[in-house]
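According to the numbering used here, the residues represented by the sequence shown are 139 to 372, in order. The next block holds one structure in the form of structure tokens; read it before the comments.
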Amino acid sequence: MSSNNHEILVLGGNMGGVNAVHNLLRSTIPTLKRLNPSKSYHVTLVTPNTDFFYKIGSPRALINATALPYSKLFRPLSEAFSQYDASQFTLVHGVASSLDASMRTVTVTTGTEEKQIQYDSLIISTGTTSKSPLWTLHNDQSLTTKALESMHTELPKAKTVVVAGGGAVGVETAGEIAAAHPSCKVTLLSGSHRVLDRVKEATSIRAQDYLEKVVHVEVVHNVRVDIREKSTSI
Ligand SMILES: Cc1cc2nc3c(=O)[nH]c(=O)nc-3n(C[C@H](O)[C@H](O)[C@H](O)COP(=O)(O)OP(=O)(O)OC[C@H]3O[C@@H](n4cnc5c(N)ncnc54)[C@H](O)[C@@H]3O)c2cc1C
């Protein structure tokens with residue numbers, strides 16, 4: 139990197155990475171340039187997905203294609219960054235596979251090619267990867283779309299659904315399925331003695347009341363899933 143240019147490399151283009159890029163280009167870099175006008179900055183975002191995934195909407199989106207339309211669940215990254223020109227920002231569709239901190243380089247795979255990208259500052263926002271692509275992107279968003287479509291086909295036929303996990307995602311998913319499919323028996327397995335065990339107890343009680351009394355979900359506590367037979371799993 140030239141001493142006058144500072145390259146900021148961001149890995150992972152979803153919740154954290156997209157916000158980091160906007161914040162850098164709209165706020166941090168203009169402030170730094172005011173302090174030192176001779177210095178220039180450039181941001182590169184490396185991510186395999188072409189679209190931003192509003193994963194918070196997944197429990198609703200898995201019900202059917204209209205409950206939360208794909209146009210709201212996925213938004214093109216190119217659109218999100220169209221306001222920045224190439225001197226400020228570059229979007230690379232690829233996967234970061236290794237990091238050499240001493241050389242300040244990241245190896246990125248794009249299709250069949252592998253290349254090194256140098257950085258002065260590095261932001262790693264690659265998130266976590268859940269087993270199911272319903273909750274997190276698995277590289278490109280196509281697997282997430284496929285998993286949602288599979289739910290749209292299978293859920294209306296299901297007589298019973300078991301949701302494992304009594305945290306926010308499990309509670310919301312069980313509630314959405316039970317509300318949309320009242321004739322389906324929905325069971326929520328919570329690994330703790332109460333659902334939403336990270337929030338105050340009154341909220342847990344309200345959530346469980348709603349699940350049991352309004353949408354008729356059976357809630358079973360202190361159960362941990364460790365064997366899963368081959369079936370449709372979310
Ligand atoms: C159903 C659901 C509901 C939620 N509700 C809330 C809520 O109400 N409030 C809240 O605060 N949080 C909520 N969360 C959690 C929140 O979505 C996550 O904390 C957040 O998405 C984490 O952001 P991130 O950028 O770290 O990771 P992600 O959003 O998962 O993004 C990771 C990005 O990195 C990319 N990536 C992965 N590996 C690589 C690689 N090797 N190279 C390059 N790119 C890579 C991925 O493709 C993706 O673009 C919810 C999560 C779910 C699933």
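By construction, the Cβ of each residue, glycine as well, lies at the ideal position given by its N, Cα and C atoms.
Per-residue burial, V352 [other beta carbons within 10 Å of its own, 16 or more giving buried] | By the neighbour-count rule (16 or more Cβ atoms within 10 Å), V352 is not buried but exposed.
Can you find a C-beta in chain D that's less than 8 angstroms from the C-beta of A306?
-> Among the chains of the structure shown, chain D does not appear; only one protein chain is present.
Could you give the C-beta distance for G195 and L211, rounded to a whole number, given that I count them as a contact under 8 angstroms?
-> 5 angstroms
Whose CA, out of L260, A203, V181 and S259, lies closest to the CA of Y222?
-> Out of L260, A203, V181 and S259, V181 has the C-alpha closest to the C-alpha of Y222.
Alpha-carbon spacing of G150 relative to T228, whole angstroms | 13 angstroms
DSSP three-state assignment for N143, whether helix, strand or coil | strand
Report the rounded CA-to-CA distance for S209 versus A318, giving the unit in angstroms.
-> 21 angstroms
Have a look at I255 and S342 and give me their C-alpha separation to the nearest angstrom.
-> 47 angstroms
Does at least one heavy atom of ligand 1 sit under 7 angstroms from the Cβ of G265?
-> yes
Span separating the alpha-carbon of R332 from that of Y257 = If you take the alpha carbons of R332 and Y257, they lie about 46 angstroms apart.
So, are the CB atoms of L334 and G305 less than 8 angstroms apart?
-> yes
Rounded to a whole number of angstroms, what is the C-alpha to C-alpha distance between D189 and G303?
-> A direct Cα-Cα distance of roughly 28 angstroms separates D189 from G303.
Which residues share a DSSP beta bridge with K323?
-> Under DSSP, K323 takes part in a beta bridge, and its partners are T298.
Any heavy atom of ligand 1 closer than 7 angstroms to the CB of M153?
-> yes
Is the beta carbon of A312 within less than 7 angstroms of some heavy atom of ligand 1?
-> no
Taking contact to mean at least 3 C-beta pairs separated by less than 8 angstroms, is the stretch 146-166 in contact with the stretch 261-269?
-> yes
Which residues in the same chain as A312 place their Cβ atom closer than 7 angstroms to its Cβ, once the five residues preceding and following it in sequence are excluded?
-> V301, V324, L326, L349 and V355
Rounded straight-line distance, which links the Cα of I315 to that of C322 | 8 angstroms
In the DSSP assignment, what residue or residues form a beta bridge with H213?
-> Position check: residue 213 holds Arg in this sequence, whereas His was assumed. DSSP, once it has assigned bridges, lists F190 as partnering R213.
Through-space distance from V244 to F219, alpha-carbon basis = 22 angstroms
Kindly identify the DSSP beta-bridge partner or partners of Y178.
-> Inspection of the sequence shows that residue 178 is occupied by Ser rather than by Tyr. N143, per the DSSP bridge assignment.
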